[in-house]
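Accompanying notes for the structure given below.
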Amino acid sequence: MNKNIQLYEQSYFASCSMGLENILSKELQSVGAKKVTISRGGAEFKGDTPAIKAVLNSRTASRVLKKICSFEVVDEKGIYNSAVKVSWSNIFNSHLTFKVQSVISNQVFKNSIYTSQLLKDAIVDHFRKAKGERPNVNVSDPDVLFILRAQSSGRGPILISIYVDLCGRPLHERGYRVNTVAAPLKENLAAGILLISEWGADSSTLVDTMCGSGTFLIEGALIKYNIPPCFMHLRSKKVWALQKLNFFAENKDLMLAFNSEVQDCLKRSVDGLTAMRGSETCLFGLDIDDKAVRAAKENTIMAGMADKIALTRGDALKTSSPVKDPGNKALVICNPPYGERIGDINKLDEIYYLYGENLKNNFKGFSAVIFTGNLESAKKISLKPQFKSPLFNGRIECRVLRYPLY
Ligand SMILES: C[S@@+](CC[C@H](N)C(=O)[O-])C[C@H]1O[C@@H](n2cnc3c(N)ncnc32)[C@H](O)[C@@H]1O
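Using our numbering, the first residue of the sequence shown is number 1, and each one after it goes up by one.
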């Protein structure tokens, strides 16, 4: 092996929306991850068993990636020259399909398709030489996904790191979203906002006053009743990408640990849904748009929670608390239009002002949380935020604003 190439064992990276790194790192620690180090948009950590547990249990991760190797290059061609020396046939078998995706900034290399192609060629040429046959590429639904990251420290060589994905479909795709609205939140982002807002097992009432497709309500139920985010995938017996990789399939102890975690998740899903069905309804959603209420209904039916999530058509600017006594850690949350994808920008200031007034008048005893990318309109709310947490929704810089309502 070339001295320039560093190979890794038990090294992982979990990615998330920028702003959720601290919450993600706590989740990783709770599944036993070691040496958790936060970086922009995710966290690195150590441990094979924690990694497979994170795939099943993390509410905020987008993907969990296993680090394969890193090396330095001075230009794109260096990617092929180093990568062709790595034993890709130890990582997966040639009957599986694969795809390479590159995450590079413009300052480093201009063309991510070219860097992906160079790694793809290196993998194929390695297989041909080592095995006499090559795996095929599948760009839409590969068995194995490699991620190439290029980082530059300014001048000098560029560091290439190559990871393999353990998840398959990204983790935000929980499987319950069968209908949607114009600007739904990703499920893992909604879960992260709820966790930042301190929604938990001991929280009483959750009201989403602009519920759209119902993401906060379903994620809120999952958190409150300790149902793992993979609950739908357990029902459909999804095959996770990690199950196709040799490091897993050739390690009996790891397979046992995975099977035992799947059983544990199944038990928590059944227990959580049973507890939810046996309790008073404490999750309430409304939306001014009939279509959104229908979408949320279909999604709650898909999640098996329709009986315990109350949905109505209503106006957030006029509605009042659906419960007399909000109870412990009650939360009224919303992700209002912020003019980027939906919402008439001229009316937004007034909507935010009136919403703030309605919270003050009709939601005493709750904490109010607003997740928005429109920081100017948010200033029209005449309440003092207890905290403002920066969080990205895709490329849009947003804030989680929390207001105690006395
Ligand atoms: C950004 S979307 C919410 C998306 C939602 N968080 C999800 O994940 O699907 C904003 C929602 O606010 C609703 N809305 C706008 N004004 C409203 C009002 N005055 N009262 C209730 N809902 C309103 C819209 O119909 C839309 O569904």
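Every residue, glycine too, gets a C-beta built ideally from N, C-alpha and C.
Practice problem: Can you give me the Cβ contacts of Glu-397 inside the same chain, cut-off strictly under 7 Å, excluding the 5 residues immediately before and after it? | Solution: As a working note, residue 397 is residue 397 in the sequence shown. Answer for Glu-397: Gly-373 and Pro-390, listed in chain order.
Quiz item: Is the beta carbon of Gly-433 within less than 7 Å of some heavy atom of ligand 1?
Solution: The first residue shown for the chain is 1 and the last is 406, placing residue 433 beyond what the model contains.
Quiz item: Does the separation of the CB atoms of Ser-367 and Val-207 fall below 8 Å?
Solution: For the purposes of this step, residue 367 is taken as residue 367 along the sequence shown, with counting starting at 1. For the purposes of this step, residue 207 is taken as residue 207 along the sequence shown, with counting starting at 1. Contact flag unset, no.
Quiz item: Within 10 angstroms of its Cβ, does Leu-256 collect 16 or more other Cβ (buried), or is it exposed?
Solution: For this step, residue 256 is matched to residue 256 along the sequence shown. Label assigned to Leu-256: exposed.
Quiz item: So what's Lys-129 in DSSP terms, helix, strand or just coil?
Solution: The residue you call residue 129 lines up with position 129 of the sequence shown. In this structure, Lys-129 counts as helix in the three-state DSSP scheme.
Exercise. Leaving aside the five residues before and after Pro-157 along the sequence, list all residues of the same chain whose C-beta is less than 7 Å from its C-beta, in chain order.
Key: Counted from its first residue, the sequence shown places residue 157 at position 157. Hits under 7 Å: Glu-72, Val-73 and Val-74.
Quiz item: Is the CB-CB distance between Ile-309 and Gly-212 below 8 Å?
Solution: On the sequence shown, position 309 is the one that residue 309 refers to. On the sequence shown, position 212 is the one that residue 212 refers to. Cβ distance not < 8 Å, so Ile-309 and Gly-212 don't count as in contact.
Quiz item: Do you know how far the Cα of Pro-228 is from the Cα of Gly-19?
Solution: Reading the sequence shown from its first residue, position 19 is the one you call residue 19. Reading the sequence shown from its first residue, position 228 is the one you call residue 228. Here the alpha carbons of Pro-228 and Gly-19 stand approximately 22 Å from one another.
Quiz item: Can you tell me whether Ile-123 is buried or exposed, with buried defined as 16 or more other CB within 10 angstroms of its CB?
Solution: Indexing the sequence shown from 1 puts residue 123 at position 123. When all chains shown are included, Ile-123 counts as buried.
Quiz item: Within 7 Å: the Cβ of Asp-315 and any heavy atom of ligand 1?
Solution: Indexing the sequence shown from 1 puts residue 315 at position 315. It does: the Cβ of Asp-315 is within 7 Å (strictly closer) of some heavy atom of ligand 1.
Quiz item: When the Cβ atoms of the region 239-257 are set against those of the region 163-173, are three or more pairs found closer than 8 Å?
Solution: yes
Self-check item: Heavy atom of ligand 1 within 7 Å of Ile-370 beta-carbon
Solution: Here residue 370 corresponds to residue number 370 of the sequence shown, with the count starting at 1. Checking the Cβ of Ile-370 against ligand 1 gives no.
Quiz prompt | Buried or exposed (CB count within 10 angstroms, at least 16 for buried), Arg-277 | solution = Along the sequence shown, one-based indexing puts residue 277 at 277. When all chains shown are included, Arg-277 counts as exposed.
Quiz item: Shortest alpha-carbon distance to His-95 belongs to which of Lys-131, Leu-185, Arg-399 and Ser-140?
Solution: Sequence index remark: in the sequence shown, residue 95 carries index 95 (1-based). The closest CA to that of His-95, considering only Lys-131, Leu-185, Arg-399 and Ser-140, is found on Lys-131.
Self-check item: Member of Ile-160, Pro-142 and Arg-155 whose CA lies at the smallest distance from the CA of Pro-170
Solution: Locating residue 170 in the sequence shown gives position 170, where the first residue counts as 1. Closest option to Pro-170, Cα to Cα, is Pro-142.
Practice problem: Determine, using beta-carbon pairs with one atom in the region 284-293 and one in the region 186-204, whether at least three such pairs fall under 8 Å. | Solution: no
Practice problem: Using DSSP bridges, identify the partner residues of Gln-151. | Solution: One-based indexing of the sequence shown puts residue 151 at position 151. Gln-151 has Leu-159 as its beta-bridge partners, per DSSP.
Quiz item: In angstroms, rounded to a whole number, what distance separates the CA positions of Ser-197 and Ala-43?
Solution: Position 197 of the sequence shown, counted from the first residue, corresponds to residue 197. Position 43 of the sequence shown, counted from the first residue, corresponds to residue 43. If I take the Cα positions, the gap works out to 21 Å.
Quiz item: Which of helix, strand or coil does DSSP assign to Val-369?
Solution: If you number the sequence shown from 1, residue 369 lands on position 369. In the structure shown, Val-369 sits in a strand (DSSP, three-state: E or B).
Practice problem: Please state if the CB of Leu-405 and the CB of Lys-360 are separated by a distance shorter than 8 Å. | Solution: Counted from its first residue, the sequence shown places residue 360 at position 360. Counted from its first residue, the sequence shown places residue 405 at position 405. Their beta carbons are under 8 Å apart, which means Lys-360 touches Leu-405 by this criterion.
Quiz item: Using CA coordinates, which residue listed in Leu-7, Lys-34, Ala-51 and Phe-146 is at the minimum distance from Ala-14?
Solution: Numbered from its first residue, the sequence shown carries residue 14 at position 14. With distances taken between Cα atoms, Ala-14 lies closest to Ala-51.
Quiz item: Under a Cβ-count criterion, where at least 16 other Cβ atoms within 10 Å of its own Cβ denotes burial, should Asp-271 be classed as buried or exposed?
Solution: Against the sequence shown, residue 271 aligns to sequence position 271. So Asp-271 counts as exposed.
Quiz item: Would you call the CB atoms of Ile-147 and Lys-85 closer than 8 Å?
Solution: For the purposes of this step, residue 147 is taken as residue 147 along the sequence shown, with counting starting at 1. For the purposes of this step, residue 85 is taken as residue 85 along the sequence shown, with counting starting at 1. Their beta carbons are not under 8 Å apart, which means Ile-147 does not touch Lys-85 by this criterion.
Exercise. Give every residue of the same chain whose Cβ lies closer than 7 Å to the Cβ of Leu-234, excluding the five residues on either side of it in the sequence, and list them in chain order.
Key: Working through the sequence shown from its first residue, we reach residue 234 at position 234. Val-262, Cys-265, Leu-266 and Ser-269.
Quiz item: Residue range of the alpha helix (DSSP H) that Leu-234 falls in?
Solution: Along the sequence shown, read from residue 1 onward, the residue named residue 234 stands at position 234. 231-235 is the extent of the alpha helix (DSSP H) around Leu-234.
Self-check item: Option nearest Ala-306 by Cα separation, candidates Ile-218, Pro-337 and Tyr-338
Solution: Reading the sequence shown from its first residue, position 306 is the one you call residue 306. With distances taken between Cα atoms, Ala-306 lies closest to Ile-218.
Self-check item: Start-end ranges of the beta strand (DSSP E) lying completely within the region 288-332, minimum 3 residues
Solution: Fully enclosed beta strand (DSSP E) runs of 3 or longer: 309-313.
Practice problem: Taking Pro-337 and Leu-354 to be in contact with their CB atoms under 8 Å, please state how far apart those CB atoms are, rounded to whole angstroms. | Solution: Locating residue 337 in the sequence shown gives position 337, where the first residue counts as 1. Locating residue 354 in the sequence shown gives position 354, where the first residue counts as 1. So it is not a contact: roughly 13 Å between Cβ atoms.
Quiz item: Taking C-alpha atoms, which residue in Lys-297, Glu-350 and Tyr-403 lies nearest to Tyr-176?
Solution: On the sequence shown, residue 176 is found 176 positions in, with the first residue counted as 1. The residue with the shortest Cα to Cα distance from Tyr-176 is Lys-297.
Self-check item: Contact belief for Phe-45 with Trp-88 at Cβ below 8 Å, rounded distance in angstroms
Solution: The residue you call residue 45 lines up with position 45 of the sequence shown. The residue you call residue 88 lines up with position 88 of the sequence shown. Your pair Phe-45 and Trp-88 does not check out as a contact, with CB atoms roughly 24 Å apart and the cut at 8 Å.
Quiz item: Is it the case that the Cβ atoms of Ala-201 and Asn-226 are separated by a distance below 8 Å?
Solution: Working through the sequence shown from its first residue, we reach residue 201 at position 201. Working through the sequence shown from its first residue, we reach residue 226 at position 226. Contact check for Ala-201 against Asn-226 passes: the beta carbons are separated by less than 8 Å.
Self-check item: Proximity to Arg-174 [Cα-Cα], best of Lys-110, Asn-138, Met-210 and Trp-240
Solution: On the sequence shown, position 174 is the one that residue 174 refers to. The residue with the shortest Cα to Cα distance from Arg-174 is Trp-240.
Quiz item: Is it buried or exposed for Ser-203, if we count other Cβ within 10 angstroms and need 16 for buried?
Solution: As a position in the sequence shown, residue 203 is number 203, starting the count at 1. Classification for Ser-203: buried.
Quiz prompt | Segment limits, beta strand (DSSP E) that includes Asn-393 | solution = The residue given as residue 393 occupies position 393 in the sequence shown. Where Asn-393 is concerned, the enclosing beta strand (DSSP E) stretches over 387-393.
Self-check item: Counterpart residues of Ala-33 in DSSP-defined beta bridges
Solution: If you number the sequence shown from 1, residue 33 lands on position 33. By DSSP's assignment, Ala-33 forms no beta bridge with any residue.
Quiz item: Would the C-beta of Ser-181 count as close to ligand 1, meaning under 7 Å from any of its heavy atoms?
Solution: Your numbering for residue 181 matches position 181 in the sequence shown. It should be pointed out that residue 181 corresponds to Val in this sequence rather than to Ser. The answer is yes for Val-181.
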